[in-house]
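Chains as they are written, first to last, in my numbering: chain C, 255 to 688; chain A, 255 to 688. Heads up, the beta-carbon is just placed ideally off N, CA and C, and yes, glycines get one too.
Okay, structure coming up:
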C-alpha cells in the first residue's frame, strides 16, 4: 500500500476502505507517513468528502489511537452530552444535575475555553475550592456515590485526532463535515459512554453558521454513533445570540444556579429541559413525554439544585455558592456599559465577536497557556429583538485591570446591529435529528 | 501574509495575485513555508485550477527562481522546440539539423530519459565520442560557428519547479493543466529562447491521453508564452503508437539519420517537416507555405543531413555515423521477436507500456542513477492498423544480457491488441494552437 495511491483514490472521488484509512492515520501518527501526504489527503477529502462508512471507520481508527475510558465500574446507562460550542453556553451546569437527580449516572469529562467559546471546566473552577482533577478511581467513586462528577480531560483520548486537527488547522481543511464529525465522535467514543445527546449550535456564534451545515453535521454525528451501535440524538439549537443572560466564568455559574432555582432565562431554561429530556429518554427512563415531565419536576422540586450542591461539595467546592452565588463567586465590581448608539431594535448579533470581546475582558484564552480571569464577563441587558434607545445600556461589562476594554468595545460595536425593524426570532430548539 | 489564508483563498476558488504566488513559491523554496502547506495548496489548485494570469505569474516566479540563460551572444531569433514526451520520439535529431541548415540558430538544451519516455541526450550519446556537456562558451561558439549545438541541461533552471514537482509527484497533484503548463514553461522561459514550438503528444503513449486534455494544455502553454511576450505555436501530434519504426537509443539515431536521408517513415517525416516549418515561421523566415517548401528542400537536398554531420563532428562524435550508422552505432546482435498470437489487425496499442517494455530491455532508467544500454531497443515491423497472422513478428527486439526479456514480453502482450476490425487511424498532425 502506498500513501500516493490512497491520496489519488480519494482525489478521484473514490471510497477508502478500512485498511487504507487505518494505514494513513496510524502511519501519520507514527511518523511513517509525512505530513505533506496527509495534508494532500485532507484537502482531497475537503473536496470529495467521505461517506457514512468512511466516517465511521475514520472515527473508530482515531478513537482507538489512544486511551479508551472504561466506564463499566459505573452502574447504569451512561449518557453523555456534547455541545459543538457557543457563547454563554453553561448548559452542562444545569443539565448534568437535572439528569443526575433522576438517577442517570453523570460521568462527565469536559473541556476548557477554546477560541471564542467558553469551557465547563474553567467555569466550575470559579467556585472556590472546586477540584476539576480527580483520579479515575475518585471519579468513578463520586459517580457511584453522588450520581455525578465533572472533571477535566486528563486521559490521552484520540491522539490521532489531535495530530490531524493541528494539521487541518494549518492547511485550511478544518471545515469539512466528515472531518468535523469524525473528530468530535472519536473523542466521544473513546470517552466510553453508551449514548449521546449532541447539542449542535447553529448561527453567528456557532462553528456551523447555517441550518443546512448544522443539520448535515448532526446527521453525520448521529450516523457515526449508530454505526458503532451507540444511541444518539442531535438537537439543533439557536446560537444567533449569546445563550441566556450572562457570558463569563463566575457569571455563568451564577446564571446556572439561578436557572436551577427556576429563575433562569426562559429560552435557556427550555434548552436545558429539552436536552435533559433527551438524555433521560436515551437512558431508558421512559418515553419522551414522561421524561419531559420528570425533568420539569426535578427542576421545580429543587432536586436538581440539591444535586448541584452535592457535586460542589463532593469535589471540594464551597457549597454555600448555591445559596449565595454572588457572594461566594469572584465577580468584579468594576462595571462599565456597552450602549446603543441609535434608537431601534437589536436586529442582528455577530455572536462570535461577542465571545471574542469577552475574551479580551479576560474571560478566555488566546493561547493554551494563558490564565483566565474568572471574575470578568458580561450581563446581557437587551436580547435580540429588544428595542433600545440611543444611549441605553445593552451590556453590563464586568472588567478588571487585565481587561482590554477598548478592543472589547470596538468588537461589540461591530457585533451589534440596531435597525428600525424588529427581527424575526428563531426558536431556541430548531430541529432534532434522531 | 499567511500561508493559511492563501490556501483558504484558493480552496474557495479565489484568484491568487502575484504577491501571494511569489510568497508561497519562494517561501517554500527557502524552507520558510512547510511542505504540508504547499501540498494543501497544490491539492486546492488541483480542484480549483489557476486562470491565465495566475499561470503566467507562477511560471515567471518559478523561471526566476534559478539560473536564466542569456542567449544574446547568439545572433538571430532563437526558436526552441519542446516535446511533452512520447515513445520513440527522436524528432529533435531530425528537426534541429533541418532548421539549422536554414540559418536558424539551434541552441538546444535537452533532457534525459524519464519514466516511459526517452531523452535526446541519451540518444546522442549512442554516437561514439559525442560530448553532450559543453561549457556555456563552447556552446555559444558552436552555435555561432556551426549553427547548431545540443547539450544536456547543466544550468540550475527553475529550481522552484523542481522542488514543487517532487512534492506534486508524492501528493497526486501532477496532472493538473495549470501546474503542468507552468512547470514546462518555467524551464522554457529560463532557457532564454525567443519563440517556442510545442509538440504536445496525445494518446496512449503521451501524458495527455485525450484530445481535450492535450488541447487544454497546448492552449495553456501558448497562453503563458504570450503573456511573457514570446511567440509560441503548439502542435498536437498523435502518440497512440510509438513514433516511427524504432524505439531505443542507437536505433533511434539510426532512424533519424535514415529520415535525414529521405528514407524515413512517412508519418514521422511529416511530423518533422511540420514542426520544422513552424520553427522556421516563428524565426521570421517567411510565411508558413514558404517555410514548408524551404524545409522540404533542406531535407531533399541533403543539407539537413550535412548539418547533422557538422553537429556530430563539432561535438566530438564520429562523423562516419552519418554514412554507416549501423556499423558505427552500438546495436545489439541478439534479436528475438514479439509475435502476433492471433490473426487480425493491430487495433490498439498501449504505447506507454511499449515504452516501459523498452526500458526493461535496458533502454531507459527506473532511477536517475541507472545506466542506459544504448544498444538495445525495438524495430517496429507492424504498425497500428497493419494486418498480422498468428505467429508473425510484430516487433524485432534487440536484447542484451541486462535485458529483462520476460517482463518486457509480458508488457508487450498487454500493450498490443489485435482484432478482426481495422482501426481508424489518426493523422500524425491532429491540431495546431497558435
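Within-9 Å CB hit, residue i to chain C
i: residue 414 of chain A; result: no
i: residue 435 of chain A; result: no
i: residue 296 of chain A; result: yes
i: residue 421 of chain A; result: yes
i: residue 261 of chain A; result: yes
i: residue 535 of chain A; result: no
i: residue 426 of chain A; result: yes
i: residue 288 of chain A; result: yes
i: residue 265 of chain A; result: yes
CB contact below 9 Å: residue i versus chain A
i: residue 291 of chain C; result: yes
i: residue 461 of chain C; result: no
i: residue 257 of chain C; result: yes
i: residue 689 of chain C; result: What the structure shows of chain C is the stretch from 255 to 688, and residue 689 of chain C is not part of that stretch, so it cannot be assessed.
i: residue 400 of chain C; result: no
i: residue 301 of chain C; result: yes
9 Å Cβ cutoff met for residue i and residue j
i: residue 362 of chain C; j: residue 414 of chain C; result: no
i: residue 347 of chain C; j: residue 510 of chain C; result: yes
i: residue 475 of chain A; j: residue 335 of chain A; result: no
i: residue 443 of chain A; j: residue 322 of chain A; result: yes
i: residue 397 of chain A; j: residue 328 of chain A; result: yes
i: residue 517 of chain A; j: residue 352 of chain A; result: no
i: residue 619 of chain C; j: residue 399 of chain C; result: no
i: residue 293 of chain C; j: residue 291 of chain A; result: yes
i: residue 469 of chain C; j: residue 497 of chain C; result: no
i: residue 364 of chain C; j: residue 373 of chain C; result: yes
i: residue 525 of chain A; j: residue 453 of chain A; result: yes
i: residue 683 of chain C; j: residue 490 of chain C; result: yes
i: residue 601 of chain C; j: residue 552 of chain C; result: no
i: residue 357 of chain A; j: residue 564 of chain A; result: no
i: residue 342 of chain A; j: residue 634 of chain A; result: yes
i: residue 604 of chain C; j: residue 668 of chain C; result: yes
Collapsed DSSP secondary structure at residue i in the structure displayed
i: residue 486 of chain A; result: strand
i: residue 620 of chain C; result: coil
i: residue 656 of chain C; result: coil
i: residue 352 of chain C; result: helix
i: residue 651 of chain A; result: strand
i: residue 429 of chain A; result: coil
i: residue 384 of chain C; result: coil
i: residue 324 of chain C; result: coil
i: residue 451 of chain A; result: strand
i: residue 633 of chain C; result: strand
i: residue 460 of chain C; result: coil
i: residue 685 of chain A; result: strand
i: residue 440 of chain A; result: helix
i: residue 552 of chain A; result: helix
i: residue 588 of chain A; result: strand
i: residue 346 of chain A; result: helix
i: residue 510 of chain A; result: helix
i: residue 408 of chain C; result: coil
i: residue 519 of chain C; result: coil
i: residue 334 of chain C; result: strand
i: residue 530 of chain A; result: helix
i: residue 568 of chain C; result: helix
i: residue 576 of chain A; result: helix
Proximity test, residue i beta-carbon vs the ligand MN heavy atom, cut-off 8 Å
i: residue 564 of chain A; result: Among the components modelled here there is no ligand, and therefore nothing to report on the ligand MN.
Please confirm if the segment 306-319 of chain A is in contact with the segment 425-441 of chain A, defined as three or more CB-CB distances below 8 Å between the two stretches.
yes
Against chain C: residues of the segment 555-584 of chain A by CB proximity under 8 Å:
none
Measuring CB atoms only, is the segment 552-572 of chain C touching the segment 603-614 of chain C, in the sense that at least three cross pairs come out at less than 8 Å?
no
Touch test, the segment 580-593 of chain C against the segment 618-636 of chain C, Cβ-Cβ under 8 Å, three pairs minimum
Proximity of the segment 580-593 of chain C to the segment 618-636 of chain C meets the contact definition, three or more beta-carbon pairs being nearer than 8 Å.
Specify whether the segment 588-601 of chain C and the segment 645-654 of chain C touch according to this definition: at least 3 beta carbon pairs, one from each stretch, less than 8 Å apart.
A contact exists between the segment 588-601 of chain C and the segment 645-654 of chain C.
Cβ pair count under 8 Å reaching 3, the segment 383-392 of chain A against the segment 561-569 of chain A:
yes
Touching by the beta-carbon criterion (3+ pairs, under 8 Å), the segment 301-310 of chain A and the segment 476-484 of chain A:
yes
Near-chain A residues of the segment 268-280 of chain C - C-beta to any C-beta below 7 Å
So nothing in the stretch comes that close.
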